[in-house]
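Q: In the order they appear, the protein sequences are chains A and B. Note that numbering that gives the first Met the number 0 numbers the first sequence so that position 402 is 401, with each residue one more than the last. Note that numbering that gives the first Met the number 0 numbers the second sequence so that position 346 is 345, with each residue one more than the last.
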Amino acid sequence: MLFLTEILGAEVIDVRQRRIGAVRDLTVHVQEPYPIVTGLIVSRRRELAIPWSEVRTFAAVTREVALRSSREEIESRRAQPDDVWLARDVLDKQVVDTDGRRVVRVNDLQLVDSGGRLLLVGADIGVRGILRRLGVEAFAKRLARLFGRDLPMALVSWEVVDPLNSVPDPQRPASDDAVRLRISGRRIARLHPADIADIVEELGAKERKTVFDTLTEEIAADTLEEMELEDQVSVIEHMDARRASEILDDMPPDEVADILTELPKDVAEQLLGLMTKDEAEDVKELLAYEEDTAGGLMTTEYVAVSENLTAQECIDELRRLEPDAESVYYVFVIDGDEHLKGVLSLRDLIVARPDQPISSIMIRDVIAVHPDDDAQEVAAVLSKYNLLAVPVVDDEFRIQGLVTVDDALDAVLPESVKRKLPRAH
Amino acid sequence: MDRVFVRLRRFRRLFLLLAVVGPGLITSNADNDAGGITTYSQAGAQFGYKMLWLLVAVTISLAVVNEMGSRMGVVTGKGLADLIRERFGVRGTTFAMLLLLFANAFTTVAEFAGIAAGLELFGVPRYVSVPVAAVMIWLLVVRGSYPVVEKVLLSIGLVYVTYIVSGLLVHPPWNEVLRSSVVPQIVPTRDYFLLAIALIGTTVTPWMQFYLQAAVADKGIPNENLAYSRVDVLVGALVTDVIAFFIIVATAATLHGHLSGEQLANMQAGDFARALTPVAGRFATALFAVGLIGASFLAGNVVPLSTAYAVTEAFGWERGVGHRFSEAPAFFGIFTGLIVVGALATLTPGLPLVSMILLSQDANGIILPAILVYMLVLLNDRRIMGRYVNGRFANAIAGVTVAVLIVLTAIIVLSSIPGLPLSE
Numbered sequence: 000m001l002f003l004t005e006i007l008g009a010e011v012i013d014v015r016q017r018r019i020g021a022v023r024d025l026t027v028h029v030q031e032p033y034p035i036v037t038g039l040i041v042s043r044r045r046e047l048a049i050p051w052s053e054v055r056t057f058a059a060v061t062r063e064v065a066l067r068s069s070r071e072e073i074e075s076r077r078a079q080p081d082d083v084w085l086a087r088d089v090l091d092k093q094v095v096d097t098d099g100r101r102v103v104r105v106n107d108l109q110l111v112d113s114g115g116r117l118l119l120v121g122a123d124i125g126v127r128g129i130l131r132r133l134g135v136e137a138f139a140k141r142l143a144r145l146f147g148r149d150l151p152m153a154l155v156s157w158e159v160v161d162p163l164n165s166v167p168d169p170q171r172p173a174s175d176d177a178v179r180l181r182i183s184g185r186r187i188a189r190l191h192p193a194d195i196a197d198i199v200e201e202l203g204a205k206e207r208k209t210v211f212d213t214l215t216e217e218i219a220a221d222t223l224e225e226m227e228l229e230d231q232v233s234v235i236e237h238m239d240a241r242r243a244s245e246i247l248d249d250m251p252p253d254e255v256a257d258i259l260t261e262l263p264k265d266v267a268e269q270l271l272g273l274m275t276k277d278e279a280e281d282v283k284e285l286l287a288y289e290e291d292t293a294g295g296l297m298t299t300e301y302v303a304v305s306e307n308l309t310a311q312e313c314i315d316e317l318r319r320l321e322p323d324a325e326s327v328y329y330v331f332v333i334d335g336d337e338h339l340k341g342v343l344s345l346r347d348l349i350v351a352r353p354d355q356p357i358s359s360i361m362i363r364d365v366i367a368v369h370p371d372d373d374a375q376e377v378a379a380v381l382s383k384y385n386l387l388a389v390p391v392v393d394d395e396f397r398i399q400g401l402v403t404v405d406d407a408l409d410a411v412l413p414e415s416v417k418r419k420l421p422r423a424h
Numbered sequence: 000m001d002r003v004f005v006r007l008r009r010f011r012r013l014f015l016l017l018a019v020v021g022p023g024l025i026t027s028n029a030d031n032d033a034g035g036i037t038t039y040s041q042a043g044a045q046f047g048y049k050m051l052w053l054l055v056a057v058t059i060s061l062a063v064v065n066e067m068g069s070r071m072g073v074v075t076g077k078g079l080a081d082l083i084r085e086r087f088g089v090r091g092t093t094f095a096m097l098l099l100l101f102a103n104a105f106t107t108v109a110e111f112a113g114i115a116a117g118l119e120l121f122g123v124p125r126y127v128s129v130p131v132a133a134v135m136i137w138l139l140v141v142r143g144s145y146p147v148v149e150k151v152l153l154s155i156g157l158v159y160v161t162y163i164v165s166g167l168l169v170h171p172p173w174n175e176v177l178r179s180s181v182v183p184q185i186v187p188t189r190d191y192f193l194l195a196i197a198l199i200g201t202t203v204t205p206w207m208q209f210y211l212q213a214a215v216a217d218k219g220i221p222n223e224n225l226a227y228s229r230v231d232v233l234v235g236a237l238v239t240d241v242i243a244f245f246i247i248v249a250t251a252a253t254l255h256g257h258l259s260g261e262q263l264a265n266m267q268a269g270d271f272a273r274a275l276t277p278v279a280g281r282f283a284t285a286l287f288a289v290g291l292i293g294a295s296f297l298a299g300n301v302v303p304l305s306t307a308y309a310v311t312e313a314f315g316w317e318r319g320v321g322h323r324f325s326e327a328p329a330f331f332g333i334f335t336g337l338i339v340v341g342a343l344a345t346l347t348p349g350l351p352l353v354s355m356i357l358l359s360q361d362a363n364g365i366i367l368p369a370i371l372v373y374m375l376v377l378l379n380d381r382r383i384m385g386r387y388v389n390g391r392f393a394n395a396i397a398g399v400t401v402a403v404l405i406v407l408t409a410i411i412v413l414s415s416i417p418g419l420p421l422s423e
C-alpha cells in the first residue's frame with residue numbers, strides 16, 4: 000500500500016541525475032471515481048510544479064522520483080491556481096465519510112499505481128495513519144502483536160468521501176475550495192436528511208455553510224427541520240437572504256416562526272418579505288403567539304374540508320390537496336366560517352360508503368386546545384386522549400392550527416433527556 | 000394585523016450584543032479560579048503592591064491574546080485545536096496536545112485543591128470533599144446537565160466583586176498603588192520570578208485559548224460582527240483584571256508586612272480570607288470560601304471538558320457528551336482521566352494546597368509561550384485568516400509576552416544551578 004505521507008519528502012532527480020528538490024505535495028485532477036495525480040510540487044513557496052508525464056520512474060521504497068527532463072526545462076513550470084494539492088487541501092482536513100455517516104479527519108491518503116497513473120483511492124482515518132506520521136507505525140504494530148492484538152487499518156474508499164474544506168483565501172470566495180474538490184454532485188446530498196443534520200451539527204459554522212450551499216432547497220429544508228433550533232438559526236443567519244427565504248418557503252410555518260423569533264428583527268422582516276406570500280402570511284399569524292403555548296407550537300398546515308361533502312368528494316379533495324404526512328392524521332370538518340364541526344380519521348373515510356355525507360360519520364365532540372394553552376397542557380391532552388395531533392381553536396371554536404404530538408413532545412421533554420438519545424446507525 | 004409582531008417585538012433588543020457577548024465574559028470569569036485567586040493573593044501578601052505593574056501589563060496581553068483567539072474563531076469558524084491540526088500536521092499537533100494535556104492536568108489539580116481548601120475552611124476534610132466533588136463534576140458533565148449549573152456557578156463568581164469593596168475600604172495608600180501600577184519594580188529573588196510566571200500563566204492560561212476560540216466558533220458569528228465580539232473580550236479582560244487588581248490591593252493592605260518569611264512560604268487559604276475582613280467582618284472566611292469553591296468547581300468542569308474536546312477535535316475522534324462511552328472512548332477517557340489525576344494528586348498526604356496551586360500556575364506560565372507561538376503562526380497566515388491577519392500591534396504584544404515568559408523561565412532554570420546569582 001502506498002500512502003501520500005510516504006511520498007512526501009522523496010528526492011526528485013532530473014534526467015542528468017541532478018537533485019532538483021524533494022516532493023512537497025501532489026496535485027490531482029478531480030474525476031470519477033478516483034482523482035488522478037497530475038503533478039509534483041517541489042517548492043511550496045515558488046509553487047514549482049512538475050507534470051506527472053515528466054516522471055520516468057517512481058520508486059516508493061528508495062523514496063526517489065526520476066524525471067525524463069532536465070532541471071532547466073522544469074524551472075519554468077508553475078502550479079495552476081485552481082489545482083488541488085493533496086497535502087495542503089485534503090490531508091489533515093475534516094471530511095464526511097458518507098458510508099459511516101460521520102465526520103472524520105484525514106490522517107493519510109492512499110494512492111494506487113495503476114498502469115503508470117497514480118490514483119487517489121482512499122483516506123486513512125484511523126490511528127495507524129497517526130502512528131505512521133509520528134514514525135512509530137512499525138513499532139506500534141510490533142508492540143500490539145506482543146499483546147496478541149492487531150492494529151487494524153481504518154481506510155475509507157474515496158468513493159464515499161466528501162471533502163468539506165473551506166479555507167478563506169483573499170483571492171477567492173470562501174467556499175471555493177470545497178467546490179473545487181466536489182465530484183459530480185455531493186455525495187452527502189444523497190444521504191437521509193436526518194443523517195445530513197447529524198453530520199453538519201458536528202461542523203463549525205463556516206463548514207456548515209459549504210455543505211448547505213451544495214444542497215438543493217428541498218433537501219436543505221428537510222435537513223434544517225431535523226436540526227436543533229440554535230443550529231437552524233446559525234445556518235439561516237450565514238446564508239444569503241434570498242436562498243434562505245427559498246429554503247424557509249419549503250419548511251412548515253411553525254418551524255419558520257420559531258427560527259425567525261430568534262433572529263434580529265430586521266433580518267426576520269427581510270426574510271418574511273422575500274418569502275412567498277402565502278407562507279409569509281402563515282408565519283406572521285404564528286408569530287403572534289407566545290413561544291411555549293399551543294399557538295406557538297402549532298402548524299397552520301392542516302386539512303380542513305367543508306361539512307357538505309360526501310365521503311367520496313372528501314377523498315377527492317384530499318387527493319387534490321396532497322397534504323404533508325404529518326398533517327394527514329386527521330381531517331377536520333368546518334362550516335363556512337371555519338368553525339370546527341367535527342373530525343374524521345382516514346379510516347373513517349375509507350370504510351364509509353362513497354355517497355355517505357361526512358357530517359354523518361364524523362365525530363362531533365372534537366378535543367381541541369386554545370392558542371394560549373400552555374405546552375404542558377397540550378401534551379397532557381394528547382397523552383390523555385391518545386391523539387397524534389390536536390386542533391387549536393379560538394374562543395368561537397374557529398380552527399387556527401394543529402399541534403402534532405412530536406412538536407408537543409419536543410417542547411416538554413427536558414433538554415438533558417433529548418440529548419441522551421442514541422444516534423441511529 | 001396588530002398581533003403580527005408580538006413575538007418579534009419581544010425581541011431582546013440587545014440581541015446582537017447578547018448573541019456575541021458571552022464567550023469572552025464567561026471565560027474571563029472562569030479565569031478567577033483557584034489558581035487566579037491564590038496567585039493574586041500570594042502576590043499581594045508577599046510583595047505588597049510591587050507586582051501591580053505586572054498585572055497591568057498582563058491585562059494588555061490578556062486583552063490582545065483573547066482578541067486574537069476570538070477573531071480567529073469568528074473568521075475561520077473553527078477551534079484552535081482544529082486549526083493547529085490543519086496547519087501543523089500530526090507531529091506539530093501531537094506536541095501541542097501533549098503540552099495542553101500537561102498544563103490542564105496541572106490546572107485540574109489546582110481546581111481540586113481550590114475546592115479542598117475552600118471546604119476545609121468549613122471543616123470538611125479533603126478526603127471527603129475531593130472524591131465527592133470529583134464524582135459530582137463527572138456526573139454533571141456526562142449527564143449533560145452542566146449548562147444548567149454553569150449559570151449558578153458563574154453567579155457565585157460574582158462573590159469576588161466584594162474584593163473591590165474591600166480594596167476600597169482598607170484605604171490603601173493610593174499614591175503608592177498608582178505609582179506601583181505604572182512603574183515596574185522587580186525584586187530580584189527566585190520567589191519573585193516564580194510568582195511572576197504564575198501571575199502571567201494564571202491570567203493568560205493555555206486552556207482558555209482553546210476554550211474561548213471553540214466557544215466563539217460554535218456561535219457562528221459573521222465577520223461583520225467582529226466589532227461586537229471584540230467588545231466582549233475586551234470587557235471580559237478588563238473585568239477579570241479589575242478584580243485581580245483589587246485582590247492584590249486588599250491582600251497587600253491587610254497581610255503584607257504582617258507575616259514572617261516562614262508564614263509566607265506556607266500560606267493557607269484561611270490567611271488569604273483575611274483580606275475580605277474589611278468588608279465582611281467575621282464572615283470574611285465564609286465569603287472567601289464560597290467564592291473559591293464556586294470558581295474552582297466551575298473551572299473544574301470547564302477545564303477537563305474543554306481539554307477532551309480539543310484533543311479529540313485535533314485527532315478527529317468522536318466527541319461530545321451526547322455520545323455513549325463506547326462511541327467516544329477517547330473523549331470520555333481524557334475527561335475522566337483528568338478528573339481522576341486532579342483528585343488523586345490533591346489527596347496526596349502532606350501536600351500543602353496553596354503551594355500546589357501556585358506550582359500548577361507556574362506550569363501553565365511555562366507552557367503558555369509554546370501555545371502562543373502556534374497561535375501567532377496561524378494568525379499571520381493569509382490562507383487561514385485572509386484579510387484578518389494579525390496586525391503589528393497584536394504581534395508585538397503577544398511576542399513580548401512569549402519573550403518575557405521564556406526569559407523568566409530561563410532565570411528560574413539557571414537559578415537552580417548552584418553558584419549562580421539568585422540560587423539559594
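Glycine is no exception: its CB is placed at the ideal position from the N, C-alpha and C atoms.
Between I410 of chain B and the rest of its own chain, which residues show a CB-CB distance below 6 Å, the 5 nearest in sequence each way excluded?
A: For I410 of chain B, where only same-chain residues beyond five positions count, the Cβ hits under 6 Å are F192.
Q: What are the residues in the stretch 88-115 of chain B lying within 9 Å of chain A by C-beta distance?
A: If the cut-off is 9 Å between Cβ atoms, the stretch 88-115 of chain B has G88, V89, R90, T92 and T93 near chain A.
Q: Starting from I40 of chain A, find everything on chain B with Cβ-Cβ shorter than 7 Å and list it in chain order.
A: What I40 of chain A touches in chain B: nothing, since even the nearest Cβ is about 15 Å away.
Q: Does the contact criterion of 3 or more C-beta pairs under 8 Å hold for the stretch 78-95 of chain B versus the stretch 276-294 of chain B?
A: Too few Cβ pairs lie closer than 8 Å, so no.
Q: Check A216 of chain B in the structure and name its three-state DSSP category.
A: Three-state DSSP puts A216 of chain B in a helix.
Q: Please confirm whether A216 of chain B has its beta-carbon closer than 7 Å to some beta-carbon of chain A.
A: With 7 Å as the cut-off, A216 of chain B counts as an interface residue toward chain A.
Q: Within 10 angstroms of the Cβ of S69 of chain B, are there 16 or more other Cβ atoms? Answer buried if so, exposed if not.
A: The residue is buried, with at least 16 neighbouring Cβ atoms inside 10 Å.
Q: Inspect the beta-carbon positions of A378 of chain A and A407 of chain A and report whether they are closer than 7 Å.
A: In this structure, A407 of chain A lies closer than 7 Å to A378 of chain A by Cβ.
Q: Quick one: is F244 of chain B buried, meaning 16 or more other Cβ sit within 10 Å of its Cβ, or exposed?
A: Buried, because 16 or more other Cβ atoms sit within 10 Å of the Cβ of F244 of chain B.
Q: Please classify A109 of chain B: does DSSP put it in a helix, a strand, or coil?
A: A109 of chain B falls in the helix class under three-state DSSP.
Q: Check whether chain B comes within 7 Å of R132 of chain A, counting only Cβ atoms and requiring the distance to be less than that.
A: Yes, because at least one Cβ of chain B sits closer than 7 Å to the Cβ of R132 of chain A.
Q: Bridge partners of I425 of chain A, per DSSP?
A: Residue 425 of chain A is absent from the structure shown; chain A starts at 0 and stops at 424.
Q: In three-state terms, what does DSSP make of K283 of chain A?
A: In this structure, K283 of chain A counts as helix in the three-state DSSP scheme.
Q: Considering just the uninterrupted stretch of the alpha helix (DSSP H) at F244 of chain B, what are its terminal residues?
A: Looking at the DSSP string, the run of the alpha helix (DSSP H) that includes F244 of chain B is L225 to L254.
Q: Please report how far the alpha carbon of A133 of chain B lies from the alpha carbon of W206 of chain B, in whole angstroms.
A: So the two alpha carbons sit approximately 19 Å from each other.
Q: Could you tell me the alpha carbon to alpha carbon distance between V14 of chain A and R131 of chain A, rounded to whole angstroms?
A: So the alpha carbons of these two residues sit roughly 31 Å apart.
Q: Cα separation between L120 of chain B and F324 of chain B?
A: Each residue's Cα considered, the two are about 36 Å apart.
Q: Would you say I195 of chain A faces chain B, with C-beta separation under 7 Å as the test?
A: By this cut-off, I195 of chain A is not an interface position.
Q: Compare the C-beta of D91 of chain A with all C-beta atoms of chain B and state if any pair is closer than 7 Å.
A: True, the Cβ-Cβ gap to chain B drops below 7 Å.
Q: So R104 of chain A and G315 of chain B are in contact, right, with Cβ under 8 Å, and what is the actual spacing, rounded?
A: R104 of chain A to G315 of chain B, Cβ: 2 Å. Contact.
Q: Starting from G341 of chain A, follow its DSSP beta bridges and name the residues at the other end.
A: DSSP lists A:V332 as partners of G341 of chain A.
Q: Can you tell me where the alpha helix (DSSP H) with V210 of chain A in it begins and where it stops?
A: Note, V210 of chain A: alpha helix (DSSP H), A204 to D212.
Q: Taking the straight line between their C-alpha atoms, what separation do you get for N103 of chain B and F209 of chain B?
A: One C-alpha to the other measures close to 11 Å.
Q: Just to confirm the assignment: which complete alpha helix (DSSP H) runs, minimum length 4, are found wholly within the stretch 55-137 of chain B?
A: Whole alpha helix (DSSP H) segments, 4+ residues: 79-119.
Q: Which of the three DSSP states is assigned to Q208 of chain B in this structure?
A: Q208 of chain B falls in the helix class under three-state DSSP.
Q: Should K429 of chain A be flagged as near chain B, meaning a C-beta pair shorter than 7 Å?
A: Beyond the ends of chain A as shown, which are 0 and 424, falls residue 429 of chain A; an answer cannot be given.
Q: Are there three or more Cβ pairs, one per stretch, closer than 8 Å when the stretch 398-408 of chain B is compared with the stretch 354-371 of chain B?
A: Judged by Cβ distances under 8 Å, the stretch 398-408 of chain B makes contact with the stretch 354-371 of chain B, as three or more pairs qualify.
Q: Return the residue from the list B:F46, B:P187, B:I396 and B:I220 that minimises the CA-CA distance to S414 of chain B.
A: Of B:F46, B:P187, B:I396 and B:I220, the residue nearest in Cα terms is B:P187.
Q: Give the residues from the stretch 217-229 of chain B that approach chain A closer than 7 Å (Cβ to any Cβ), ordered along the chain.
A: Residues G219 and P221.
Q: Go to D123 of chain A, then tell me how far its beta strand (DSSP E) extends in each direction, as first and last residue.
A: From DSSP, the beta strand (DSSP E) with D123 of chain A extends over R116 to D123.
Q: Residues in the same chain with beta-carbon distance under 7 Å from A219 of chain A, minus the five sequence neighbours each way, listed in chain order, please.
A: These residues qualify, in order along the chain: F211 and I246.
Q: Pull up the CB-CB distance for H369 of chain A and A303 of chain A, whole angstroms please, since I reckon it's below 8 Å.
A: Not a contact, Cβ separation roughly 18 Å.
Q: Taking only beta carbons into account, state which residues of the stretch 242-259 of chain A come closer than 8 Å to chain B, listed in chain order.
A: Residues A256 and L259.
Q: Here's the rule: buried if 16 or more other CB atoms are within 10 angstroms of the residue's CB, otherwise exposed. What is L214 of chain A?
A: Buried, by the Cβ-count rule.
Q: Note down the Cα distance separating D176 of chain A from E158 of chain A, rounded to an integer number of angstroms.
A: Its pLDDT being 47, under 50, D176 of chain A is placed unreliably by the model, and nothing is read from it.
Q: When DSSP builds the beta bridges, which residues end up paired with I398 of chain A?
A: Answer by DSSP bridge pairing, in chain order: A:V392.
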